[in-house]
Each structure stands twice: as C-alpha cells, then as structure tokens.
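Residue numbers (our numbering): 10 to 315. Beta carbons: idealized from backbone N, C-alpha and C, even for Gly. In what follows, a structure is listed as structure tokens, so that the remarks can point back to it.
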Amino acid sequence: LMQMFRPLDMLGTVYRTIRQGLIDMEAMFKLIDTETEVKDKAGARPLSVVAGEVRFENVVFGYDPERTILKGVSFTVPAGHTLAIVGHSGAGKSTIARLLYRFYDIQGGRILIDGQDISDVQQASLRANIGIVPQDMVLFNDTIGYNIGYGREGASQAEIEAAAKGAAIDSFIAAQHLGYETRVGERGLKLSGGEKQRVAIARTLVKDPPILILDEATSALDSRTEAAIQGVLNNIAARRTTLIVAHRLSTIVHAEKIIVMEDGRVVEQGTHAELLALGEHYAQMWARQQAERMNPEASEPGDEPP
Ligand code: ATP
C-alpha cells in the first residue's frame, strides 16, 4: 500500500514546489506519464546517441499560440562540450532546457541530437539519455539510498555508494544513524538546499547520461557549499554534453560557449573573454554582477541577478 502513496505524496510536493524555473521534471514525468501533449510518432525509433551533439535550428516556440517565447533560436553544442545559457529573467533560458527534454513540441525549426530530430524518436529513449540536475530537487519520502538509486532502475548498492561519493554526499550519509537507510523528505530528515542538490547530482551519476542539463539555483548557497558543489558539477559535466541555465556568471566563465538570450533570441554567443571584449549585453551583465558582489547591499530587494 505504501507503494501507492509514494507517488501521491510526491505529486503534492511537486505542486507545492512548482515555480517558473526548471523544476524536477524528470521525477514529474515518471508520475504524470499519461496525458502529456507530446506523443511518440507512429513508428518512432529509439534515439541513438553516439557522441551527444545537441543542435537547435531556428527553434520557434510559445506556450500559448498568442505569445511566442523563442523567436528563432539556433546554437550547436559539440559532443562533450558545455554551453551556458544566460540572460535576464524571462528571456527563455529554462524554456530551452524544457524543449530539449521535449516537455513541449516546438512550432518551428528543429532540435537535433546527433542529427536525429527529437520529435521523431521515442520519448523514453530521449529522456533516458538526458540527466537533469534541477534547482529544486523533489525528494521522495523514502530512504536516501532509494532517492539516489531512483536515477536508474536496478542500480546496485555499490553504484549508489559510488554516486554518493562522486557527489560528495557520502560522508554526510555515513554520519547518519541509519546510513543509506535514513528516511528523508517531508516526513523524514530534512536536507538543506546544498544537500538536496548533492542528492540530485548523485541521482544523475547513477543514471550516467551522455547529455546533462544543469539548472543553477537562483538562491545563492553559502560560498563554501557553493564552491564544493561547483567542483562536483564540473566533474560530472566534464565528459558529457552539458547545458547550464546560469544565473551567476562567475560560475560559467570557463564554459566553452555562452549564449546570451534576450526576449527569446540569442543576441550574443562566444566565450567569456570574447563576450567581454564585445562590450555589450554580456559585458554589462558581468559588470553589474561584479558590482553587486563587491557591494551586495546596493542591489534592490527582489532584484534578481540575470
Ligand atoms: P528565469 O531566469 O527567471 O528562470 P528564464 O529565462 O529561464 O527566466 P523562462 O522560464 O524560459 O525564462 O520563461 C520565458 C517566458 O515564458 C516567460 O515570459 C514566462 O512567463 C513564460 N513561461 C514560462 N513557463 C510558462 C508556462 N508554463 N506557460 C506559459 N508561459 C510560460
């Protein structure tokens, strides 16, 4: 009977945590698998990821027909590279991530993985190849081991422990009375934002997908936690094609490519140095964030960094 309650609990949690950001879509999809607008085409084949190149070609999309959100977005992320997406709030950054996971179908253009249009492949195979580390991790009211192993059906205890180590949450778990059997979630041990993010990273390591979406938390963690998580994220991004929805530019200065979104369009793309040299949108955002870092008191309350 508890098995039945688990998804219901989970739905409650999902609804409570739904925000405009990229929420824990992966977990949500497994539960609300039935009535999505997105359907497999007749005869759809499984996605075959050989290298992991991600390509957006002139993608046009709106949640409502009256309002176009992405107005012809194009970029390519070579296999194994990292692309950071930056821009002001509402520019369409998370929308790009949602579309890669095929949360919605697009109205124009194409999204390709290794040359295969994602609308032509089986959704299950698409989602099996993409890992998401969301801003808000939704924990099941279950053990911490279950929450990590959820990344892939049939994950062994050894794999779960290796993933916990990779996400630097192993010593935290070892310090708990019941170790991996410790219950977490609303009715168990409450984890901090940083700990939850590490569980999300561990879950992704268990899944071991070739393509990764990282949704950087808007709310800053304390700087030590942030630095530790950043290190772990850099490690897991290293061998995979990675899209980072970034809010703090300081975390993505080493990305191989940065695209700057404004009102549903890519207005600049290049490396950190190239974009600074352009002296326009990115350079202005950078200057503003540097100033805020020096003098955090000066920023308006509720004025989110881009
Ligand atoms: P932030 O930095 O604040 O997370 P973002 O750049 O990621 O912003 P998106 O979440 O991609 O922005 O949103 C782009 C636009 O699409 C916004 O104007 C938003 O209001 C709209 N939007 C987002 N989600 C939906 C939705 N489910 N239905 C309708 N409109 C939406």
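| Beta carbon of Leu221, beta carbon of Ile245: below 8 angstroms? | Position 212 of the sequence shown, counted from the first residue, corresponds to residue 221. Position 236 of the sequence shown, counted from the first residue, corresponds to residue 245. Contact flag set, yes.
| query | Which class does Ala296 belong to by DSSP, given the choice of helix, strand or coil? | reply | Along the sequence shown, one-based indexing puts residue 296 at 287. When DSSP states are grouped into helix, strand and coil, Ala296 belongs to the helix group.
| field | Beta-carbon separation (whole angstroms), Gly160 vs Thr213, contact threshold 8 angstroms | value | Counted from its first residue, the sequence shown places residue 160 at position 151. Counted from its first residue, the sequence shown places residue 213 at position 204. The pair is a contact, with the Cβ atoms about 6 angstroms apart (cut-off 8 angstroms).
| said: Taking only three categories from DSSP, how would you classify Thr280? | reply: Residue 280 sits at position 271 when you count from the first residue of the sequence shown. The answer is coil: DSSP assigns Thr280 none of H, G, I, E or B.
| task | Using only the heavy atoms of ligand 1, determine whether one of them is closer than 7 angstroms to the beta carbon of Ile268. | result | The residue given as residue 268 occupies position 259 in the sequence shown. Not so, every heavy atom of ligand 1 lies at least 7 angstroms from the Cβ.
| Along the chain, where does the beta strand (DSSP E) that runs through Arg119 open and close? | For the purposes of this step, residue 119 is taken as residue 110 along the sequence shown, with counting starting at 1. Unbroken beta strand (DSSP E) run through Arg119: Gly117 to Ile122.
| task | Flag Ile78 as yes when its Cβ comes closer than 7 angstroms to any non-hydrogen atom of ligand 3, and as no otherwise. | result | Ligand 3 is not part of this structure, which contains only ligand 1.
| Mind checking whether Leu316 and Ile115 have CB atoms under 8 angstroms apart? | Limits of the chain in this structure are 10 at one end and 315 at the other, which puts residue 316 out of reach.
| message | Please classify Gln293 as buried or exposed, where buried requires at least 16 other C-beta atoms within 10 Å of its C-beta. | response | Along the sequence shown, one-based indexing puts residue 293 at 284. That one is exposed.
| message | Let me check you understand the geometry: is the CB of Ala177 closer than 7 angstroms to at least one non-hydrogen atom of ligand 1? | response | In the sequence shown, counting from the first residue as 1, residue 177 sits at position 168. Incorrect: Ala177 has no Cβ contact closer than 7 angstroms to ligand 1.
| message | Tell me the residue span of the beta strand (DSSP E) that contains Ile220. | response | Taking the sequence shown and counting its residues from 1, one reaches residue 220 at position 211. Its beta strand (DSSP E) spans residues Ile220 to Asp224.
| Should Lys199 be counted as a contact of ligand 1 given a C-beta to heavy atom distance under 7 angstroms? | Residue 199 sits at position 190 when you count from the first residue of the sequence shown. No.
| What's the C-alpha gap between Thr43 and Pro219? | Taking the sequence shown and counting its residues from 1, one reaches residue 43 at position 34. Taking the sequence shown and counting its residues from 1, one reaches residue 219 at position 210. Residue confidence for Thr43 is low, a pLDDT of 42 falling below 50, so the modelled location carries little weight; the figure read from the coordinates is stated next. Roughly 26 angstroms separates the two Cα atoms.
| query | CA-CA distance, Gly288 and Gly194? | reply | On the sequence shown, residue 288 is found 279 positions in, with the first residue counted as 1. On the sequence shown, residue 194 is found 185 positions in, with the first residue counted as 1. Cα to Cα, Gly288 sits roughly 46 angstroms from Gly194.
| message | Across the stretch 96–103 and the stretch 197–205, are there enough close Cβ pairs to call them in contact, namely three or more that are closer than 8 angstroms? | response | No, the stretch 96–103 does not touch the stretch 197–205.
| So the beta strand (DSSP E) Ala93 belongs to, where does it begin and stop? | On the sequence shown, position 84 is the one that residue 93 refers to. Start and end: Thr91 to Gly96.
| Own chain, CB closer than 7 angstroms to Lys216, minus 5 neighbours either side, in chain order | Residue mapping note: residue 216 aligns to position 207 of the sequence shown, counting from 1. These residues qualify, in order along the chain: Gly140, Gly160 and Arg161.
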